[in-house]
Amino acid sequence: MTTQAQTTPAKPAQPDPDDGFRSRTFRGVSPLGIGVAGLWLSVIVLLPLAAIAVQAFGSGWGGFWDAISADAAVDALVVTVEVSIVVALINVVFGTLIAWVLVRDDFWGKGFVNAIIDLPFALPTIVASLVLLSLYGPNSPIDIQLNATKPALVIALTFVTLPFVVRQVQPVLIELDTDVEEAAAVLGASNWTIWWKIVVPALLPSILTGAGLAFTRAIGEFGSVVLIGGNIPGQTQVASQYIQQQIEIDEPVDAAAISVVLLLIAFVVLLVLRVAGRRQSRREEQ
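Numbers 43 to 328, taken from my numbering, label the letters of the sequence shown in order.
Printed below as a string of structure tokens:
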């Protein structure tokens with residue numbers, strides 16, 4: 043006698059009520075939105091970059107090379123890169139320190155200090171140059187004359203780029219879990235060991251990003267150095283001042299060529315930072 047197996051029909055899967063919401067909300071943007079974003083990006087960024095590139099090669103590759111290999115142009119680029127590297131390193135140290143103090147310490151006037159960090163973003167940079175000239179110029183009230191020197195360039199560029207490192211590191215410090223640091227301290231680790239083995243690796247991507255942004259801002263800065271820098275060719279003349287000089291003597295091709303070089307330097311730095319950030323994220327996910 044055989045028995046027929048009875049099978050229970052499978053219960054149909056109930057639709058997730060959140061699926062419709064996700065599909066309506068997070069499924070991407072419409073073609074119109076993509077078109078508007080692409081048009082805006084083209085008008086604001088791509089077209090100006092294309093125009094400056096076309097002008098830089100207006101006399102052909104030979105003219106472009108002659109413009110960027112001229113002694114005065116090379117000197118200006120070398121001064122710019124050297125000073126910008128020093129500024130980025132200073133910002134790494136003191137920007138990280140300031141972010142640490144703002145997050146981990148409580149003191150009177152903390153809100154005021156936190157507010158003035160963003161002052162260079164709002165202050166016209168030529169005003170900063172005027173203030174620094176008044177402080178370190180020929181009539182210095184503290185008897186320190188730095189105008190028309192490389193230290194003056196470093197001070198001016200550090201002033202306008204400091205917020206980049208602070209504002210990159212500060213949010214990471216706020217979100218950083220202190221339980222690991224406390225556990226390491228309980229196990230006998232010194233403050234130095236905790237800093238280098240736990241805190242610095244967690245902050246490194248944000249520190250590098252802030253340093254890169256500070257560097258790229260410094261290589262193109264003009265207003266903050268126009269008065270205090272002195273614009274001495276081969277000594278304190280930065281690339282932005284050299285570009286202005288070429289425009290004044292009616293050499294727009296040379297000015298455009300140096301501008302393209304600065305754009306390439308900034309692009310390479312930002313690209314390296316993006317690649318390094320992606321690799322760091324992948325390591326953390328693993």
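Ideal Cβ placement from N, Cα and C applies to all residues, glycine included. The model shown is predicted, which means the values in this text are computed figures rather than measured ones.
- Message: I'd like to check one pair, Ile307 with Val297: are the Cβ atoms closer than 8 Å?
- Response: The sequence as given places Ala at residue 297; Val does not occur at that position. It is not a contact, given that the beta carbons lie outside the stated cut-off.
- How many angstroms separate the CA atom of Ala115 from the CA atom of Lys239? 43 Å
- What does a CB cutoff of less than 8 Å around Ile300 pick up in its chain, not counting 5 residues either side in sequence? Ala109, Ile110, Ala115, Ala118, Leu119, Ala281, Tyr284, Ile285, Gln288
- Message: For Gly77, count the other beta carbons within 10 Å of its own beta carbon; 16 or more makes it buried, fewer makes it exposed. Which is it?
- Response: exposed
- Message: Could you tell me the alpha carbon to alpha carbon distance between Val95 and Phe136, rounded to whole angstroms?
- Response: According to the sequence displayed, residue 95 carries Ala and not Val. If you take the alpha carbons of Ala95 and Phe136, they lie about 37 Å apart.
- Pair within 8 Å by beta-carbon distance, Gly254 and Leu315: yes
- Message: For Gly100 and Val295, which I take to be in contact (beta-carbon distance under 8 Å), what is that distance rounded to the nearest angstrom?
- Response: 5 Å
- Cβ separation of Thr191 and Asn133, assumed to be a contact under 8 Å, to the nearest whole Å: 20 Å between Cβ atoms; not a contact.
- Query: Once you ignore the five residues that flank Phe149 on each side, which residues in its own chain have a CB closer than 7 Å to its CB?
  - Reply: none
- Count the other C-beta atoms from every protein chain shown that fall within 10 angstroms of the C-beta of Gly186, then say buried if there are 16 or more, exposed otherwise. What sits at residue 186 in the sequence shown is Ile, not Gly. By the 10 Å Cβ count, Ile186 comes out exposed.
- Message: Here's a check: name, in chain order, each residue in its chain whose Cβ is nearer than 6 Å to the Cβ of Gly319, leaving out the five neighbours to either side.
- Response: Pro247
- Message: Short of 7 Å in beta carbon distance, which residues of its chain neighbour Phe106, apart from the five on each side in sequence? Order them along the chain.
- Response: Ala98, Phe99, Ala299
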